[in-house]
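**Q** Residue numbers (our numbering), protein chains in the order written: chain A, 408 to 687; chain B, 408 to 687. Note that beta-carbon positions come from the ideal geometry of N, C-alpha and C, so glycine has one too. Please read these numbers as outputs of a predicted model, since none were measured by experiment.
Number of protein chains: 2
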Amino acid sequence: MNIVIVGLGVIGGSFGLALKEAGYPSVFGLDCCQDTLDKALAMGIILEGSCRGEDLLPRADLTILAIYPQDVKRFLLEHRNHFKPGSVITDVTGVKMPLVAALDHLLPEDVDFVPGHPMAGREKKGIDYASAKVFKGANYLLTPIPGNKEENIQKIADLAISLGFQRVRRITPADHDEMIAFTSQLPHALAVALINSDQPGRETGQFIGDSYRDLTRIANINGELWSELFLENRHALLAVIESFDQELEKIRQALLEEDQETLLACFKESSRRREALDAQ
Amino acid sequence: MNIVIVGLGVIGGSFGLALKEAGYPSVFGLDCCQDTLDKALAMGIILEGSCRGEDLLPRADLTILAIYPQDVKRFLLEHRNHFKPGSVITDVTGVKMPLVAALDHLLPEDVDFVPGHPMAGREKKGIDYASAKVFKGANYLLTPIPGNKEENIQKIADLAISLGFQRVRRITPADHDEMIAFTSQLPHALAVALINSDQPGRETGQFIGDSYRDLTRIANINGELWSELFLENRHALLAVIESFDQELEKIRQALLEEDQETLLACFKESSRRREALDAQ
């Protein structure tokens with residue numbers, strides 16, 4: 408099976424490393440940056456690289472699009488006629504509805520696009536930060552669409568497991584976007600708001616424990632990517648911000664009213680939920 | 408130097424383990440639970456244990472109070488006459504103003520209370536979760552009060568470094584409580600509100616990456632302790648919740664108005680701050 412990775416950034420590069428580790432022999436790379444292609448070749452994660460889709464896509468049995476959400480549509484349109492008939496395409500973008508809604512018009516009928524979302528990443532961008540380790544034990548979401556062949560969905564699922572992902576879960580694109588607004592975009596919004604609410608000029612670093620460190624880790628964020636994700640999924644994200652606000656307001660009110668009972672109830676519930684999460 | 412640890416829970420027990428590792432020979436333990444004392448003896452972290460203050464406190468050159476904030480005052484009052492003249496007492500509680508304000512009336516003049524706050528802990532409680540490792544590389548805050556002898560402040564600072572803490576920082580009790588509201592209590596409030604805002608019944612664990620895991624770790628919380636800390640420091644905590652709200656509102660407005668520029672500015676600022684934090 409010939410695999411072409413499109414975009415050898417931190418995620419595409421990690422796919423390359425994980426594919427190499429898992430023993431896939433025929434992996435190729437497409438990237439607009441020659442320097443990145445040279446690095447990927449030197450790292451031994453691709454057999455051959457190119458910046459021109461037509462050089463590699465016609466040979467690809469599987470194309471993995473590891474590019475920005477808004478670039479996916481453009482890429483598909485531009486290379487509509489370069490994909491190998493009968494081949495499978497998947498992507499890694501974190502919001503699914505806007506893409507899925509547009510797919511019908513973008514692809515030839517004999518190419519099967521199985522949308523995917525490997526839930527693993529790093530704060531940094533670029534191939535220098537690629538790592539096969541980030542995939543180990545992580546969740547992989549697939550959001551199949553009408554017309555996907557079962558064998559092709561299964562192909563991506565098997566691939567994910569062979570790369571070290573722990574669980575592959577199928578979900579509708581709409582449910583995906585709703586879940587991801589809560590589990591991924593909301594935490595990023597909170598981390599950003601937390602660190603941005605610090606008073607400038609304080610030596611905050613000398614007064615922190617693990618909690619502040621943990622909660623702000625993802626405040627170091629690829630703005631270009633995440634502003635796209637936030638805006639593409641803004642309705643779902645606004646909804647979970649509102650639910651979050653209600654819970655924080657509960658704590659705020661309890662503080663105002665010196666209501667220890669409510670605080671205890673909040674903490675008991677959160678502890679129960681966190682323990683249940685670990686047990687899943 | 409005879410050291411008495413009061414309260415052999417997760418923090419007191421960790422002090423015991425760290426003192427043992429650092430080679431302090433004469434460490435004693437005071438706890439109301441015989442089972443805990445037996446465990447501490449079996450772990451080799453105390454030479455002798457008792458549930459009666461008068462048995463050990465008269466011999467203590469240094470008393471480390473590792474009990475709940477509200478128990479500190481009661482303990483000092485109860486054992487006012489048991490402390491060794493010229494000895495030093497320190498504590499580990501996370502809010503300083505209410506305690507410091509009460510100290511004058513609680514202690515005999517020939518005992519020096521140097522308030523401290525080791526910024527390290529675990530979600531779990533009890534001696535079974537004690538670990539010397541949590542102190543390694545962590546911050547230790549001291550909030551000296553008028554009347555503290557410099558040599559005694561330095562004694563606690565030296566002890567902290569010998570136990571593996573990376574930095575000891577002196578700060579006023581008022582500034583401490585303001586900083587800690589932001590770096591410790593606010594993150595806990597956010598973690599609790601985040602996980603409590605999940606819709607019950609969803610298999611959330613299958614749709615999470617590291618970010619949700621990181622941001623909810625501290626939602627598993629010792630409610631008894633943290634409800635005390637929250638209420639004792641509620642004015643400072645309410646203030647930082649308000650600053651946080653303003654930053655989250657900025658993101659919310661940007662989503663409503665599809666304003667990518669503001670999102671990019673928020674993310675750029677948060678990334679800059681997070682990188683600066685790592686560099687500190």
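(1) Where does V541 (chain B) fall in DSSP's three states?
(2) Name, going along the chain, the residues of the stretch 619 to 638 of chain A whose beta-carbon falls closer than 9 Å to a beta-carbon of chain B.
(3) Does E676 (chain A) get closer than 7 Å to chain B when you measure Cβ to Cβ?
(4) Measure the alpha-carbon distance for A545 (chain A) versus P525 (chain A) and round it to whole angstroms.
(5) Is D565 (chain A) buried or exposed, if buried means 16 or more other CB atoms sit within 10 Å of its CB?
(6) Could you check if M408 (chain A) is buried or exposed, using at least 16 other CB atoms within 10 Å of its CB as the buried criterion?
(7) Taking only runs that begin and end inside the stretch 463 to 537 of chain B, name each unbroken alpha helix (DSSP H) of 4 or more residues, in chain order.
(8) Could you check whether I658 (chain B) and A395 (chain A) sit closer than 7 Å to each other, using their CB atoms as the reference points?
(9) Compare the C-alpha of A677 (chain A) against each of B:E610, B:V647, B:Q613 and B:N603 and name the closest.
(10) So S457 (chain A) is in the beta strand (DSSP E); what residue range does that whole segment cover?
(11) L464 (chain B) and F435 (chain B): beta carbons closer than 7 Å?
(12) Quick check on the DSSP output: the beta strand (DSSP E) that includes I412 (chain A) runs from which residue to which?
(13) Quick one: Cα of E461 (chain A) to Cα of K427 (chain A), how far?
(14) Under 7 Å between C-beta atoms, does T590 (chain A) make it to chain B?
(15) From K543 (chain A) to A449 (chain A), what distance separates their C-alpha atoms?
(16) Go through its chain and collect everything with a Cβ distance to D605 (chain A)'s Cβ below 6 Å, but skip five positions before and after it.
(17) Kindly list, in the order they appear in chain B, the residues whose Cβ is closer than 8 Å to that of R574 (chain A).
(18) By the criterion of Cβ-Cβ separation under 8 Å, what are the contact partners of V647 (chain A) in chain B?
(19) How would you call A508 (chain A), buried or exposed, if buried means at least 16 neighbouring beta carbons within 10 angstroms?
(20) Q687 (chain B): which of A:N640, A:Q613 and A:E485 sits nearest, CA to CA?
(21) Helix, strand or coil for G630 (chain B), going by three-state DSSP, please let me know.
(22) If you count every other CB in all the chains shown that lies within 10 Å of the CB of K503 (chain B), and 16 or more means buried, which is it?
(23) If we ignore side chains and look at the alpha-carbon of each, how far apart do I452 (chain A) and A567 (chain A) end up?
(24) For Q660 (chain A), which residues in the same chain have their Cβ closer than 8 Å to its Cβ, ignoring the five residues on either side in sequence?
(25) Closer than 9 Å, Cβ to any Cβ of chain A: which residues of the stretch 556 to 574 of chain B, in chain order?
(26) Taking Y547 (chain B) as part of the beta strand (DSSP E), name the residues at either end of that continuous run.
(27) Once you ignore the five residues that flank E455 (chain A) on each side, which residues in its own chain have a CB closer than 6 Å to its CB?
(28) Specify the secondary structure class of L597 (chain A) as computed by DSSP and reduced to three states.
(29) Give me the chain A residues within the contact set of F542 (chain B), using Cβ-Cβ distance strictly less than 7 Å, ordered along the chain.
(30) For a quick check, are the C-beta atoms of L593 (chain B) and V647 (chain B) less than 7 Å apart?
(31) Just grab the DSSP bridge partners of V434 (chain B) for me.
(32) Leaving aside the five residues before and after R576 (chain B) along the sequence, list all residues of the same chain whose C-beta is less than 8 Å from its C-beta, in chain order.
(33) Between I534 (chain B) and L415 (chain B), what straight-line distance do the alpha-carbon atoms span, to the nearest angstrom?
(34) Use the C-beta contact count for G493 (chain A): other C-beta atoms within 10 angstroms, 16 or more gives buried, fewer gives exposed.
(35) Identify the contact partners of I580 (chain B) in chain A, using a Cβ-Cβ distance below 7 Å as the criterion.
(36) Mind checking whether V479 (chain B) and I418 (chain B) have CB atoms under 7 Å apart?
**A** Quick answer:
(1) Residue state for V541 (chain B) is assigned as helix, using DSSP reduced to three classes.
(2) Those residues of the stretch 619 to 638 of chain A that come within reach of chain B (Cβ to Cβ, closer than 9 Å) are Y619, R620, D621, L622, T623, R624, I625, A626, N627, I628, N629, G630, E631, W633, S634, E635, F637 and L638.
(3) It does: the Cβ of E676 (chain A) has a partner Cβ on chain B nearer than 7 Å.
(4) Taking the straight line joining both Cα atoms gives about 8 Å.
(5) Looking at its Cβ environment, which holds fewer than 16 other Cβ atoms inside 10 Å, D565 (chain A) is exposed.
(6) Classification of M408 (chain A): exposed, given that the 10 Å Cβ count is below 16.
(7) Those alpha helix (DSSP H) runs which fall completely within the stretch 463 to 537 of chain B and span 4+ residues are 476 to 485 and 504 to 513.
(8) The first residue shown for chain A is 408 and the last is 687, placing residue 395 (chain A) beyond what the model contains.
(9) One detail in the question is off: residue 677 (chain A) reads as Ser in this sequence, not Ala. Minimum Cα distance to S677 (chain A) is reached at B:N603.
(10) Counting along the chain, the unbroken beta strand (DSSP E) around S457 (chain A) starts and ends at E455 to S457.
(11) In this structure, F435 (chain B) does not lie closer than 7 Å to L464 (chain B) by Cβ.
(12) Where I412 (chain A) is concerned, the enclosing beta strand (DSSP E) stretches over I410 to V413.
(13) Looking at the two C-alpha atoms, the distance is approximately 24 Å.
(14) Cβ-Cβ to chain B under 7 Å: yes for T590 (chain A).
(15) Looking at the two C-alpha atoms, the distance is approximately 24 Å.
(16) When the five nearest sequence neighbours on each side are left out, the beta carbons in the same chain lying within less than 6 Å of the beta carbon of D605 (chain A) are those of T611, in order along the chain.
(17) Neighbours of R574 (chain A) on chain B, chain order: Q613.
(18) When 8 Å is used as the limit between beta carbons, V647 (chain A) is near these residues of chain B: S604, in chain order.
(19) Exposed, by the Cβ-count rule.
(20) Just measuring C-alpha positions, the residue of A:N640, A:Q613 and A:E485 sitting nearest Q687 (chain B) is A:Q613.
(21) Helix, per DSSP.
(22) With 16 or more other CB atoms across the displayed protein chains lying within 10 angstroms of its CB, K503 (chain B) is buried.
(23) So the two alpha carbons sit approximately 17 Å from each other.
(24) Within the same chain, Q660 (chain A) has close Cβ partners D666 and T669.
(25) Listed by position, the residues of the stretch 556 to 574 of chain B near chain A (Cβ gap below 9 Å) are R574.
(26) Run containing Y547 (chain B): N546 to L549, per the beta strand (DSSP E) assignment.
(27) Answer for E455 (chain A): F435, listed in chain order.
(28) L597 (chain A) carries a helical assignment under DSSP once its states are collapsed to helix, strand and coil.
(29) Among the residues of chain A, none has a CB under 7 Å from the CB of F542 (chain B); the nearest is roughly 11 Å distant.
(30) Their beta carbons are under 7 Å apart, which means L593 (chain B) touches V647 (chain B) by this criterion.
(31) BP columns for V434 (chain B) point to B:I410.
(32) Counting only Cβ-Cβ distances below 8 Å, and skipping sequence neighbours, we find N546, Y547, L548 and L549.
(33) The straight-line gap from Cα to Cα measures roughly 6 Å.
(34) It is exposed - the Cβ of G493 (chain A) has fewer than 16 other Cβ atoms within 10 Å.
(35) Sequence check: residue 580 (chain B) is Pro here, not Ile. Correct list: empty, because the minimum Cβ distance to chain A is about 13 Å.
(36) Cβ distance not < 7 Å, so V479 (chain B) and I418 (chain B) don't count as in contact.
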